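Following: one structure in structure tokens, then a few remarks.
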Amino acid sequence: MRLRHRQIRRPQAVVIAALAGTLLATSGGGVAAAQTSTSPGSKASAADALVDNPVSLVDPLIGTGSGGATVGQVDTYPGATAPFGMLSLSPDTPSRPDGGGYNYDDTSITGFSLTHMSGPGCGAYGDFPVLPTVGGLTADPANTTAAFRHSDEQAAPGSYSVTLNPGTATPVQADLAATARTGVAQFTYPSTDAANLLFKMGDAQSGNQAANIQVVGDNEVTGTETAGQFCGSPGTYPVHFVATFSRPFSSYGTWHTAPTGPNVFTQPAGDLPWSYHEVTSGGTTASITPATTPDGASAVSWKQSTALANTWIQATPSGLVQGDSYQASVTLQGSGDVYLDFYNGRQDVGGKAVNLTSTPVTLTVDTAIPGGSIGAPQFQVRTAGTGPVDLLASEVSIRQDTVVKSPGTSRVSAHGPVAEPVPAGPDGKPAGVHTRTPVAPREVEAKGSQSRTQVAGTDGLQSGAWVSFDTTNRRQVTMKVALSYVSQDNAAANLAREDPGWSVSAVSERTRAQWNGLLSRMRIGGGTPAQRRQFYTALYHTLLEPSIFSDANGDYLGFDDKVHRTAHGKEQYANFSGWDIYRSEIPLLAVIAPERTSQMMTSLLNDQAQGGWLPKWGFANDYTDVMNGDAADLILAEAYAMGARDFDAKAALAAMVKGATSVPASPAEMGQGWYVERPQLASYESLGYVPNTTQSSLSPVNNGASETIEYATADFGIAALAKALGETSTYRTFLTRSQNWTNVFNTDTGYVQPRDGNGQFPQFDPTTDGMGTFGQSGFQEGNAAQYTWAIPQNIHGVIDAMGGNEAAVKRLDTYFQQLNAGPDLPYEWAGNEPAFGTPYVYDYAGAPYRTQEIVHRLLTSVYSDTPGGEPGNDDLGSMSSWYVWSSLGMYPETPGTPVLALSAPIFSRAQIDLPGGRRLMMTAPGASTSTYVHHLSVDGKSWASAWLPASLLTGADAASRQPATSELTFTLSSTADRTWAGAAADAPPSYAAGPLQFPPGRKPVILTPTGPNLLGSAPTGQLAWQGPVQNGVGPVPGTVTATTTPQGASAVKWTQSTAAPDTWIWVDPTSQLPVGQRYQTSVTLQGTGTVYVDFWNGQQDLTSQTVQLTATPQALTVQGEVPYAADTHVQVRTADTGPVDLYASAASLQVLTPEQ
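For the sequence shown, the residue numbers in mature numbering (1 follows the signal peptide of the UniProt record, and there is no 0) are -32 to -1, 1 to 1124.
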């Protein structure tokens, strides 16, 4: 079967032969030694010399700040870690961005935690932070911070150092270094008898379900936590540490928290205003009613014959104070697999999941309410699995926490531990031991023949321990620490196997050398100093994840929660940000680290063997169901295509086919009892598309169109691997399925669009309507304008469907008027993965000079060598890997095929060392000032295509070829060459399965509001307005009174001398709105204040434009769909700080219906 729907002129055979064994070669062992050289037949200036020491150009502080309103935090971290390291010893700051934990704009450090993730977009890791302090402990050790300045901070691959509390009488110098599984930290204190190190337990970013810490002997601390629930998913992971010190403690102690404040909920559980929510719709109708428990306690009853994972009921507390810590508690009984979740306004902090019985069980969760702009905190009972729910929730409370400290102990001898009981605290129990679950002393086997006794310990969330030293004569204290996700014994074994020793500088140099060796596989010359820093920092970020998850002995915790062991010399890897990394990161890893990448693919297959299904976004040893599609198919296909082939590809293909064709019939067949690899697969297989009737994969909107597009792309990945393995039948089946994108392409509008349950396209303009919910209805994180180009397997088909090259180029030119517009505008969103390949579409449309121009604009405008220097979350190296590829003038456009679309390099020279001793040299004189390609040659032979066929380098005899150096030579100019590679035969290939067929379209029709006002028949001033409240935390001063406007209309008047942003008044519909219909709400406003109208549809806020009010009335409208049965509100909200004195009149909420 033909792979394309149009003829392609093949390059001359002599040029193809010249490429063989060079570009992105796919097998072999060692890497040729890097050396400084000039290109053959040319002279290079000193500025163009290849970089000799690339590690010196990495700046880990790039990406640790905010890129602005569209970008938000880039979320990288600056601390010490090894390539793909399990442990990352890095500072956290109070605002604690997701995953990275460090915000460049913060001025204090909360601790140096041992685990991090680079730029994930959801809270992750941050386990076991430690913080040095001087003097007496504060009343709340867990919230102790230390000031710092960037002038006293240094970050480099493998090391980090900073001075805490500089300019004071108690500065502490912290110097950190790391190996793959261990870290070493040297703290230089002032001369004092109270040099402390705090261990803050139960403080992981996504929340903890359990925490325990022990002080062992006179120089060891150990601990265990259970954390997880990444992006709100139910899975958790255990993690363990062992830390030893270079000298004995002079004293030690522990602390824990206890709820002491009054219950924030003043009503009994049954009287609270509970609401119902689903992240993924598809469960049966729920019944939420007041009830009483068998022993007569007020309760809420939740009954549902089938509920999907991440379904919940919630109640909204008021009066919570930002900065304070609280404990949420609930008593549950009945049936269902559930957990308690306390959304603190910024992230979900979940407790341990339990399988309910008739015996009541009390669950608790502790968290602090963060400062700054936050959402409304919520008390939630969530499902952790799929199945029926029939429960009673009683004794619902949220109480302020206070810290309980042990008095401390200073009885440790300099010659060893003192074997005596832990001293009693004020309550008569062992000091520092959590009163709810006492920790019995245990014997811990030390090195040699001597055993060590636990001398203090505590457990519980928001708990911790401190150890103190006398530094009056010797100011330095060194700690070395190791991690394990299996056990404390394995953590100790990791420490012994990778023993970093006590020298931070020695460890730093060893790890720095590892980084330099890996980074040196790509050497560049030329460019500006900033561009060189950006390149190597981006390459560094690419090499952080996926990360090692197995211990030094090969043990790892599998997706079945059992301990497994890798083959000798191999590693298990975790943290696959699938939807992000399949496009650009995995192919880059396959090129520069094929041996590691092959082990990563084996790790995915291990996950599938243990959990039953390939993970779409694997986190630790858990499924997460984050983002739509089936990305593992593309990861495996892309790794194989780009040369990482040392894994069981036939087993991979079988796993891929299973996930693409099998629907689990019950929770017992689901991954970990709840995970479905391809939600809505039955509809996709029978209809050829996913109807836009549900939300899946944590999408905030129904995501039928993007789900269809991602499934079709994943199907192409299966086809590509099947073809490579000679599985012709499977190849043909999935190549045909990969064209299912056509089933959501609306030929009337020229855009991909969602189809409803009846197969109809939406009746609105795809470039303007349905926006404002972090994307457009039908698309997860994006919109029709962005996803229309995200069909890499058949870009020529998309272009033809639009009307050909000229129409496509015109559309692209409009699309690129903005480069990082975000999810709610019909332009390029460079900070999001579906748009990664769009600049290269011009190559397919006969205008490669425009690809060169747009890529150059992106590289030089949305990327920079600053803390906010990326256009979006780094997403575990995804954003960084796009920069690496594009700055070299190439990009792997079609996953599963080793084909590189071309742009133009920004460096005058580059050298890529490949397996088997091969090497690719690139020269591009004048690249720093020249954007456009006028000529390209390969080993002196002219190359006239806008792509390089790296697929031709995977021949069976590639490994037997002699080492060779091949050369790509670009001739660049500052003026565009509109003819180079512009012919149809010069475009990169696309892959079709025959003539394209599209569904019948329908011209958009106008929707108008009709029917009664669902807010009630009373005049606006007599409706039941409530508020004002601010940020959902509680009531604020202000008056809301019924009145009339100066024009005589019935109105409500809101007067407030000063209102903060996100202060609002609201009115509810008279009854619950029917699900699945679209509505329009409208409110006419006049007066003073900067405000907007907001329609809470039960899942998210849909907002109007923001206006500065005047005496002239302005009608603000919002349209949106109600996705499921839930409480809805019409709100008037502040957008700025200042006085509010406004009239709200003509408030309405009506159903939208098509005009006849």
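Ideal Cβ placement from N, Cα and C applies to all residues, glycine included. All values derive from a computational prediction rather than experimental measurement.
Per DSSP, A153 is one residue of the beta strand (DSSP E) stretching across T150 to T156. Collapsing the DSSP output to three states places V298 in a strand. Rounded to the nearest angstrom, the Cβ distance from S159 to T440 is 5 Å, consistent with a contact under 8 Å. Residues P996, V1004, P1005, G1006, T1007, T1031, P1107, V1108 and D1109 of the same chain have their beta carbon placed closer than 8 Å to that of Q1024, with the five preceding and five following residues left out of the count. Looking at the DSSP output, T1056 shares a beta bridge with D1109.
A straight-line Cα-Cα distance of about 18 Å links W581 and F198. For the pair D16 and S876, the Cα-to-Cα distance works out to about 6 Å.
Annotated as proximal: L105 and N164, with beta-carbon spacing under 8 Å. One Cα belongs to Q1073, the other to A1083, and the distance between them is close to 11 Å. In this structure D239 is exposed. Its beta-carbon is surrounded by fewer than 16 other beta-carbon atoms within 10 angstroms.
By the neighbour-count definition (other C-beta atoms within 10 Å, threshold 16), T327 is an exposed residue. G47 and P227 have their C-alpha atoms roughly 34 Å apart.
Taking C-beta atoms as the reference points, E553 and S854 fail to come closer than 8 Å. Counting C-beta pairs closer than 8 Å gives three or more between the stretch 704 to 714 and the stretch 748 to 763, which meets the contact rule. Taking 8 Å as the cut-off, the Cβ atoms of S832 and R551 do not count as close.
Here DSSP, grouped into helix, strand and coil, assigns K618 to helix. Assignment of alpha helix (DSSP H) within the stretch 815 to 868, counting only whole runs of 4 or more residues, yields 816 to 829 and 846 to 855 in chain order. When Cβ pairs closer than 8 Å are counted between the two stretches, the stretch 168 to 179 is seen not to touch the stretch 136 to 152, the count staying below three. Between the stretch 534 to 552 and the stretch 61 to 76 there are fewer than three inter-stretch CB-CB distances shorter than 8 Å, so the stretches are not counted as touching. Per DSSP, reduced to three states, the secondary structure at W547 is helical. W585 carries a coil assignment under DSSP once its states are collapsed to helix, strand and coil. As DSSP reads the structure, V140 sits in a beta bridge with L132. Judged by DSSP in its simplified three-state form, M490 adopts strand. Membership of G221 in the beta strand (DSSP E) is indicated by the continuous run S219 to P227. A distance below 6 Å between beta-carbons, with the five flanking residues on each side excluded, links S303 to the following residues of its chain, in chain order: L324 and D358. A Cβ-Cβ separation of about 5 Å places E861 in contact with Y808 under the 8 Å criterion. Your pair G319 and T279 does not check out as a contact, with CB atoms roughly 16 Å apart and the cut at 8 Å. Here the stretch 108 to 119 does not lie against the stretch 199 to 217, with fewer than 3 beta-carbon pairs under 8 Å apart. Excluding the 5 residues flanking it on each side, T32 has same chain C-beta neighbours closer than 6 Å at T44, P46, Y70, Y72 and P835, in chain order. The beta carbon of T1009 sits closer than 6 Å to the beta carbons of K1021 from its chain, once the five residues preceding and following it are set aside; these are given in chain order.
Annotation: the continuous beta strand (DSSP E) that includes P996 extends over Q994 to Q998. Below 8 Å, enough C-beta pairs join the stretch 178 to 197 and the stretch 208 to 222 to call them touching: three or more. In the DSSP assignment, S651 falls within the alpha helix (DSSP H) that extends over L649 to L655. Between G35 and E838 the beta-carbon gap is near 6 Å, inside 8 Å, which marks them as a contact. Your pair T225 and T370 checks out as a contact, with CB atoms roughly 7 Å apart and the cut at 8 Å. Burial check for Q540: the Cβ neighbour count within 10 Å reaches 16 or more, so the residue is buried.
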